[in-house]
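**Student:**
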Amino acid sequence: MLTLYRPGDGLLHRTPAGPKALVVLAAVLAVSLLPSTWWAAAAATVAGVLAYAVAGLHDGMLGMRELGSQVFGIRWIILITVTGQLIFLGAESAFANTTRVAAAIVLTGLLVLTTRVTALLDAVERGLKPLELLRVDPQRVALLLTVTLSTVPVLARLARDVREAQRARGARGNLRTFVVPFLVMALKHADELGDALTARGVQ
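First residue of the sequence shown: 1, per UniProt numbering; consecutive thereafter.
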């Protein structure tokens with residue numbers, strides 16, 4: 001099963017999964033609640049840059065190489081979002097809303113990059129323990145949340161790999177030649193994920 005975890009000894013790597021998830025959730029919520037203004041777009045951008053700078057990813061560029069990789073991976077989401085917003089809301093709102101969406105995604109990706117999936121799963125499961133009183137299975141809910149959290153950055157990485165492979169072969173970039181191999185890789189990842197879950201006794 002593909003994982004985006006990057007071993008390291010930075011601040012976020014050393015922070016326990018539970019508190020780290022709460023901090024990231026708070027940061028994503030704060031970014032999402034910003035108004036649709038130019039200064040809010042700047043604040044969301046600064047939040048993303050600072051988060052990657054202090055993460056200790058050791059990419060040789062103080063986290064900016066990995067941040068650029070994450071943004072590049074969601075470029076189609078950015079393009080579609082900003083285009084739709086420009087048509088209906090105008091430049092300021094379109095830029096601000098798109099920046100907030102992108103910042104929320106890359107901040108979530110940072111949690112996956114600095115936390116092992118098993119540690120994140122255990123932390124979410126412990127946090128949901130009180131829900132057992134309501135006949136909710138914390139293990140299943142935690143698994144669902146963890147898989148969902150991991151899927152977006154994984155699909156972004158797969159999309160980037162497809163484009164890099166096409167460029168290496170000198171293929172022209174167009175939507176038709178991109179979609180088929182991307183879907184094949186995404187379905188392969190889904191199969192591997194299903195096999196991994198089955199091996200762990202998840203029905």
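All C-beta atoms in this analysis are idealised placements derived from N, C-alpha and C, irrespective of residue type, glycine included.
1. If you draw a straight line from the alpha carbon of Leu-158 to that of Trp-39, how long is it in whole angstroms?
2. In this structure, how does DSSP classify Leu-57 when only helix, strand and coil are distinguished?
3. Does the distance from the CB of Leu-107 to the CB of Val-46 come in under 8 Å?
4. Taking Cβ positions, are Ala-91 and Ala-44 nearer each other than 8 Å?
5. Would you kindly work out how many angstroms separate the C-alpha atoms of Arg-126 and Ala-168, rounded to a whole number?
6. Rounded to the nearest angstrom, what separates Gly-56 and Met-185 at their Cα positions?
7. In terms of residue numbering, what span does the alpha helix (DSSP H) encompassing Lys-129 cover?
8. Please say whether Ile-105 and Ile-80 have beta carbons closer to each other than 8 Å?
9. For Glu-66, count neighbouring C-beta atoms within 10 Å of its own C-beta (all shown protein chains included) and say buried if the count is 16 or more, exposed if not.
10. Over the uninterrupted alpha helix (DSSP H) stretch that includes Gly-109, give me the two end residues.
11. Ile-78 by DSSP, collapsed to three states: which one?
12. Which of the three DSSP states is assigned to Tyr-5 in this structure?
**Tutor:** Taking the definition as stated:
1. 33 Å
2. coil
3. no
4. no
5. 45 Å
6. 30 Å
7. From DSSP, Lys-129 is part of no alpha helix (DSSP H); its letter is neither H nor E.
8. no
9. buried
10. 91-114
11. Judged by DSSP in its simplified three-state form, Ile-78 adopts helix.
12. coil
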